[in-house]
Amino acid sequence: MRIHRHEAAIAAILCLLASGIVRAQEDSGQDPYLAWEERFVRIVRELRPSVVTVTCVKSGAGPEILESRTALSGIVFDGKGHVATFGGHAAGASKIEVGLLDGRTFPAALAGYDEQTGIAVLRIEDPPDDLVPVRLGDSDRLEVGATLVAVGNPFGFRQSVSTGIVSGLDRVIHGYRNTFTGMIQSTVPVNPGDAGGLVANSRGECVGIIASTFGRTPNLLERLGSDRALQEKVRKFQESLLELFSDPALTPEERFRRAMERLGDMQGALEDPREGGDLLPAEDSSLGAQSINFVMPINAVRWVVEGLIKDGKVTRGWLGVGVDVRPEAGREAVYLSKVVEDGPGAEAGLAVGDRIVAFLGEEIDRVEVLRRLIARTPPGKKIVLLIDRNGERLRLEIVMGENK
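Take a look at the structure:
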């Protein structure tokens, strides 16, 4: 009886508080929508100074090839001048500049680049005292349908703001060279220059950085970086154009006609032979409504950035196994499909067909959970793996290796 009276008292207090809030809004005459808008504008005002423009300059291979410039976005990670961005352009740049919201620009240097995620960390040389680091949130708490606020530099328009929602979580995206796991699918518009931009929740906390879009446009820059045959074709094409335009016997009209013919011959080599879509860095693509956009979760970004700042590289754990995912009872059951000979898993007694139940006490109900735990466990650390082998539960102690 005493408990019922206590609950009734709490309910009465809540009702009084609610009615008081409503009356306060009515007394002030404030429209609920305007109140929400003011809060949103305040959040945006706080976010924009934490987003920077990143200009990467890459010198040509010879005197006849002009330098190239690429504009990206980045987030101020700390007050020491560290900036996190996305994409390999910073890694290959001969000169990097970072621009703040107020228009000031500063030279920067590459502090580290992680090829597996595409995350780069820059360090502003002689950073100003008034840098505004982002407030980091917890991307693991995001849910489908949650509101997102993004700040980037599309087409060079500084610190532009857009909104969207979380339309999917834990997406696995297969790019031309890398596979990206645990990605956030969103409706936030992505344009060239947005890569590395800030994505925040409705509380103004950074929950990710703009990473990519997914569509059918071939990612030529990535192909040029890895396809030696294509590199040679492009080199010969450049040489032929230089020879063509240096021929004094040709009229300007004839030079143009022949150049168009050679450009047509080159077109086939530039077509992507793969079928289906491909992951495109946001600085290289603009697919509009026909694209699906992705955000790299800040929990993953933070782990990579902290490793790059500390060691200049990211050290990942390695178990030496391959996995097969099977749906069971509304969840993902993770089975071993491969055990690398002489790897950490093999030395501990893992076998093909084992089901991974728990890793360091954490239940494995999704393959992404296992991948994250393996990667973030330091090499040399001893872990306990709970497996199911033909209905029998076994606990194995494994010394983690290093993923090289």
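Just so you know, we're using the working numbering here: the sequence shown kicks off at 858 and counts up by one.
Heads up, the beta-carbon is just placed ideally off N, CA and C, and yes, glycines get one too.
It should be emphasised that the depicted structure is a prediction, and the values quoted were computed from it without experimental measurement.
- Distance check between D935 and each of A1232, L891 and L993 places L993 closest, using alpha-carbon atoms only.
- Assigned with DSSP and collapsed to three states, V991 falls in coil, not helix or strand.
- Three or more beta-carbon pairs separated by less than 8 Å are not found between the region 974-992 and the region 888-900, which leaves the two stretches without contact.
- Checking the DSSP bridge columns, you'll see V978 partnered with A941 and G969.
- Assigned with DSSP and collapsed to three states, S907 falls in helix.
- By the Cβ rule, the region 1176-1184 counts as touching the region 1196-1208, because three or more pairs are nearer than 8 Å.
- Counted as a single uninterrupted DSSP element, the stretch harbouring I1231 is not any beta strand (DSSP E) but the alpha helix (DSSP H) occupying residues V1224 to R1233.
- Considering only V1152, G1237, S951 and G1202, the residue with the shortest C-alpha distance to A1057 is V1152.
- In this chain, the beta strand (DSSP E) harbouring E1249 covers E1249 to V1256.
- For E1189, the uninterrupted beta strand (DSSP E) segment begins and ends at R1188 to V1196.
- Rounded to the nearest angstrom, the gap between the Cα atoms of L904 and I1067 is 15 Å.
- For the 8 Å CB-CB criterion, S925 and K915 form a contact.
- Between A1186 and the set S1019, D1222 and T1044, the nearest pair of CA atoms involves D1222.
- For V1158, the uninterrupted alpha helix (DSSP H) segment begins and ends at I1155 to D1168.
- In chain order, K915 place their CB closer than 7 Å to the CB of G949, counting only its own chain and leaving out the 5 sequence neighbours on each side.
- Judged by their CB atoms, L1227 and I1240 are not nearer to each other than the 8 Å cut-off.
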